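*Asks:* Chains as they are written, first to last, in our numbering: chain A, 2 to 352; chain B, 9 to 278. The C-beta atom is built at its ideal place from N, Cα and C for all residues, glycine as well. Since this is a predicted model, take the numbers as computed values, not measurements.
Below you can see the structure in the form of structure tokens.
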């Protein structure tokens with residue numbers, strides 16, 4: 002009898018709770034439809050609206066304001082005056098491009114159907130230290146190609162690998178074949194001049210063949226909020242030894258001002274590996290992993306979002322200085338000689 | 009006397025054998041297989057600050073298992089594909105998701121009217137989601153992966169009635185996730201850091217109704233033609249979250265159509 006009474010009481014309580022929950026859920030549904038929408042601030046698709054959107058995207062996501070000592074509010078004040086709704090699309094683009102060039106960053110671009118805004122002074126204002134026709138002379142015509150890389154063996158038994166981009170995937174099998182081909186060589190020259198970057202994983206894949214142990218190669222951060230100083234802790238970047246054939250002899254990496262982004266990272270990794278020397282000009286930098294976004298009018302924007310540092314926690318955005326600073330001379334060019342390659346060869350042959 | 013005892017025994021045995029041939033379990037399973045088409049509005053500030061709008065196609069399998077008591081179990085599988093465009097109509101996003109729900113519902117009441125009967129149920133269960141959104145133009149942040157698991161209360165009201173000597177049914181069901189866990193990259197964290205480097209930064213987030221106010225609701229109408237029950241309805245699916253400094257929403261409004269099958273299980277013993 003007592004048990005039945007208790008059962009009935011529990012049942013009544015359960016029913017009350019469920020009915021109360023139903024009412025609460027009903028009330029929530031009503032409230033939800035009224036004011037629970039998660040939305041983003043939408044800028045209007047006008048000349049001024051697009052300017053505001055561009056400025057805000059960079060204000061919240063760009064990662065080098067502090068390191069470059071840029072007063073972004075002052076930039077806004079200066080450029081806002083130049084926007085009005087009567088200006089043409091091309092004028093709007095020009096003013097936006099000028100505003101973006103204040104960031105002095107090769108990873109900052111504005112893409113439209115008629116033009117791409119860019120800042121390339123980091124290589125345009127310096128000697129190129131690279132000649133494609135000279136490279137052809139060194140490679141001759143019987144060079145090999147694998148994974149988009151050209152390679153050959155010079156007469157003095159030095160291997161030469163020309164890697165012009167990290168855009169394309171580098172296969173482990175291709176690397177095995179390349180390094181096996183270089184097996185009789187006494188040293189290897191890796192020419193990454195004019196390599197504008199690509200995927201970091203491709204740069205790592207190649208660099209991993211030059212270490213036998215896991216190395217600390219740098220640090221990386223990301224933004225955790227909209228503030229200019231909202232960054233995560235520095236996360237360690239390590240380079241693990243590659244699976245397959247690994248190079249044990251000397252390596253010389255050739256650089257110039259057009260070595261940028263993932264290629265800049267490659268130089269950073271290689272400087273941590275044993276038996277590696279860097280020769281050429283300072284690299285272009287580009288140490289902010291870029292993200293993409295867009296404006297209300299559909300123009301696409303790219304910007305540096307995640308800063309990367311070397312193993313001493315120094316920013317590599319402004320480039321990496323090689324151990325041997327060498328430039329291409331006009332005399333050598335006239336004689337059909339690449340001063341930087343020749344310097345690397347003499348360095349190897351002197352060892 | 010001896011003969012009549014044997015006759016009774018044989019009859020009893022034969023009756024028992026006959027009764028054990030089949031076992032009616034009393035379980036009734038109602039399954040609806042539906043497809044839907046409608047509009048979708050997507051926002052993922054990791055990919056773009058802009059809302060993308062477009063078309064969504066959805067498949068839904070909705071099963072209710074009743075066992076003769078006031079408790080019933082509900083299993084939902086649904087998947088969708090969405091194709092959306094930005095405001096300027098010069099870029100696209102492709103999204104897809106799978107959702108699984110397992111709910112236990114209790115019949116709160118049943119009220120008979122002159123035309124039919126109304127049932128109200130309430131309960132709750134788990135709501136699991138897996139999905140992706142791919143932006144066709146972005147570079148290092150081209151896609152976003154979604155994974156979340158929620159505890160979600162559910163209410164359902166069902167009105168069965170007859171008109172022109174035919175059975176009809178109107179059902180409304182709503183579900184609101186209360187608490188859960190959700191995967192999300194940090195505000196400016198790249199997938200390269202997450203998956204190539206394995207750098208964890210608050211990527212599994214505890215969600216509540218406050219930071220992830222989401223809701224699913226469905227209103228359906230069943231009518232029987234000959235021996236086939238057809239189901240038409242509206243599905244409103246509003247999934248939202250505001251975590252790690254990022255904002256997400258997927259608002260779907262769909263017209264659904266499908267077939268309902270109702271059956272019971274009879275166990276046959278060899």
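Starting from the N-terminal side, write out each stretch of the alpha helix (DSSP H) that is 4 residues or longer and does not extend beyond the region 50 to 134 of chain B.
*Replies:* Here no run is fully enclosed.
*Asks:* To the nearest angstrom, report how far apart residue 166 of chain A and residue 234 of chain A are at their CA atoms.
*Replies:* The residue given as residue 166 of chain A occupies position 165 in the first chain. The residue given as residue 234 of chain A occupies position 233 in the first chain. Roughly 30 Å separates the two Cα atoms.
*Asks:* Name the DSSP bridge partner or partners of residue 238 of chain B?
*Replies:* Within the second chain, numbered from 1, the residue matching residue 238 of chain B stands at position 230. Partner(s): B/231 and B/267.
*Asks:* Alpha carbon to alpha carbon, how far is residue 301 of chain A from residue 112 of chain A?
*Replies:* The residue you call residue 301 of chain A lines up with position 300 of the first chain. The residue you call residue 112 of chain A lines up with position 111 of the first chain. Rounded to the nearest angstrom, the two C-alpha atoms are 5 Å apart.
*Asks:* Tell me residue 140 of chain B's beta-bridge partners as DSSP assigns them.
*Replies:* Numbered from 1 along the second chain, position 132 holds the residue referred to as residue 140 of chain B. DSSP, once it has assigned bridges, lists B/104 and B/153 as partnering residue 140 of chain B.
*Asks:* According to DSSP, what are the bridge partners of residue 325 of chain A?
*Replies:* Within the first chain, the letter at position 324 stands for residue 325 of chain A. Looking at the DSSP assignment, residue 325 of chain A forms a beta bridge with A/280.
*Asks:* Are the beta-carbon atoms of residue 33 of chain B and residue 75 of chain B separated by less than 9 Å?
*Replies:* Walking along the second chain from the start, residue 33 of chain B turns up at place 25. Walking along the second chain from the start, residue 75 of chain B turns up at place 67. In this structure, residue 75 of chain B lies closer than 9 Å to residue 33 of chain B by Cβ.
*Asks:* Could you name the residues of the same chain whose beta carbon sits closer than 8 Å to that of residue 186 of chain A, not counting the 5 residues immediately before and after it, in chain order?
*Replies:* Numbered from its first residue, the first chain carries residue 186 of chain A at position 185. Here the set comprises 154, 158, 159, 160 and 250.
*Asks:* For residue 187 of chain B, which beta-bridge partners are listed by DSSP?
*Replies:* The residue given as residue 187 of chain B occupies position 179 in the second chain. Note: residue 187 of chain B sits in a beta bridge opposite B/159 and B/216.
*Asks:* Report yes or no: do the region 247 to 261 of chain A and the region 61 to 69 of chain A share at least 3 C-beta pairs separated by less than 8 Å?
*Replies:* Flag = no, the region 247 to 261 of chain A and the region 61 to 69 of chain A do not touch.
*Asks:* For residue 221 of chain A, would you say it is in contact with chain B, using Cβ-to-Cβ distances shorter than 9 Å as the test?
*Replies:* For the purposes of this step, residue 221 of chain A is taken as residue 220 along the first chain, with counting starting at 1. Yes - at least one Cβ of chain B is within 9 Å of the one on residue 221 of chain A.
*Asks:* According to DSSP, is residue 266 of chain A part of a helix, a strand, or is it coil?
*Replies:* For the purposes of this step, residue 266 of chain A is taken as the residue at position 265 of the first chain. DSSP places residue 266 of chain A in helix when its eight states are reduced to three.
*Asks:* Cα separation between residue 138 of chain A and residue 261 of chain A?
*Replies:* In the first chain, counting from the first residue as 1, residue 138 of chain A sits at position 137. In the first chain, counting from the first residue as 1, residue 261 of chain A sits at position 260. Whole-angstrom Cα-Cα distance: 25 Å.
*Asks:* Looking only at its own chain, which residues have a Cβ that is under 8 Å from the Cβ of residue 169 of chain A, when we skip the five neighbours before and after it?
*Replies:* Taking the first residue of the first chain as 1, we reach residue 169 of chain A at position 168. Cβ neighbours of residue 169 of chain A beyond the five flanking positions: 148, 149, 199 and 203.
*Asks:* Check this for me: beta carbons of residue 376 of chain A and residue 218 of chain A, under 9 Å apart or not?
*Replies:* Here chain A has residues from 2 to 352 only, and residue 376 of chain A is not among them.
*Asks:* Under the three-state reduction of DSSP, which class applies to residue 259 of chain B: helix, strand or coil?
*Replies:* Here residue 259 of chain B refers to the residue found at position 251 of the second chain. Residue 259 of chain B falls in the strand class under three-state DSSP.
*Asks:* Should the region 209 to 222 of chain B be regarded as contacting the region 243 to 255 of chain B, the criterion being three or more beta carbon pairs within less than 8 Å?
*Replies:* The region 209 to 222 of chain B vs the region 243 to 255 of chain B: in contact.
*Asks:* Hey, is residue 1 of chain A's beta-carbon within less than 9 Å of any beta-carbon in chain B?
*Replies:* What is shown of chain A runs 2 to 352, which leaves residue 1 of chain A out entirely.
*Asks:* So is residue 125 of chain A buried or exposed if we call it buried at 16+ other beta carbons inside 10 Å?
*Replies:* As a first step, residue 125 of chain A is located in the first chain; it is residue number 124 there, counting from the start. It counts as exposed.
*Asks:* Output, in chain order, the set of chain B residues within a Cβ distance shorter than 8 Å of residue 170 of chain A.
*Replies:* Position 169 of the first chain, counting from 1, holds the residue named residue 170 of chain A. Here the premise fails: no neighbours, minimum Cβ distance about 13 Å.
*Asks:* Between the region 282 to 297 of chain A and the region 330 to 337 of chain A, do three or more beta carbon pairs fall short of 8 Å?
*Replies:* Flag = no, the region 282 to 297 of chain A and the region 330 to 337 of chain A do not touch.
*Asks:* Tell me whether residue 75 of chain A is buried or exposed, calling it buried when 16 or more other Cβ atoms sit within 10 Å of its Cβ.
*Replies:* Along the first chain, one-based indexing puts residue 75 of chain A at 74. Its Cβ having fewer than 16 others within 10 Å, residue 75 of chain A is exposed.
*Asks:* Which term fits residue 269 of chain B, buried or exposed, when burial requires 16 or more other beta carbons within 10 angstroms of its beta carbon?
*Replies:* By one-based count along the second chain, residue 269 of chain B stands at place 261. Classification of residue 269 of chain B: exposed, given that the 10 Å Cβ count is below 16.
*Asks:* For residue 165 of chain B, which residues of its own chain have a beta-carbon under 6 Å away from its beta-carbon, when the five flanking residues on both sides are left out?
*Replies:* Working through the second chain from its first residue, we reach residue 165 of chain B at position 157. If we look at residue 165 of chain B and ignore the five residues flanking it on each side, its Cβ neighbours are 128 and 180.
*Asks:* Answer with yes or no whether the minimum CB distance from residue 280 of chain B to chain A is below 9 Å.
*Replies:* Limits of chain B in this structure are 9 at one end and 278 at the other, which puts residue 280 of chain B out of reach.
*Asks:* Which bits of chain A does residue 209 of chain B rub up against, with CB to CB less than 9 Å?
*Replies:* Here the question's residue 209 of chain B lines up with position 201 in the second chain. Per Cβ cutoff of 9 Å: 223, 225, 233, 234 and 236.
*Asks:* For the alpha helix (DSSP H) containing residue 347 of chain A, list its first residue and its last residue.
*Replies:* Position 346 of the first chain, counted from the start, is the residue given in the question as residue 347 of chain A. Here the alpha helix (DSSP H) through residue 347 of chain A covers 340 to 351.
*Asks:* Compute the Euclidean distance between the alpha carbons of residue 277 of chain B and residue 238 of chain B, then round it to the nearest angstrom.
*Replies:* Within the second chain, numbered from 1, the residue matching residue 277 of chain B stands at position 269. Within the second chain, numbered from 1, the residue matching residue 238 of chain B stands at position 230. Each residue's alpha carbon lies about 34 Å from the other.
*Asks:* Closer than 8 Å between beta carbons: that is the criterion. Which residues of the region 79 to 111 of chain B meet it against chain A?
*Replies:* If the cut-off is 8 Å between Cβ atoms, the region 79 to 111 of chain B has 94, 95, 96, 97, 98 and 99 near chain A.
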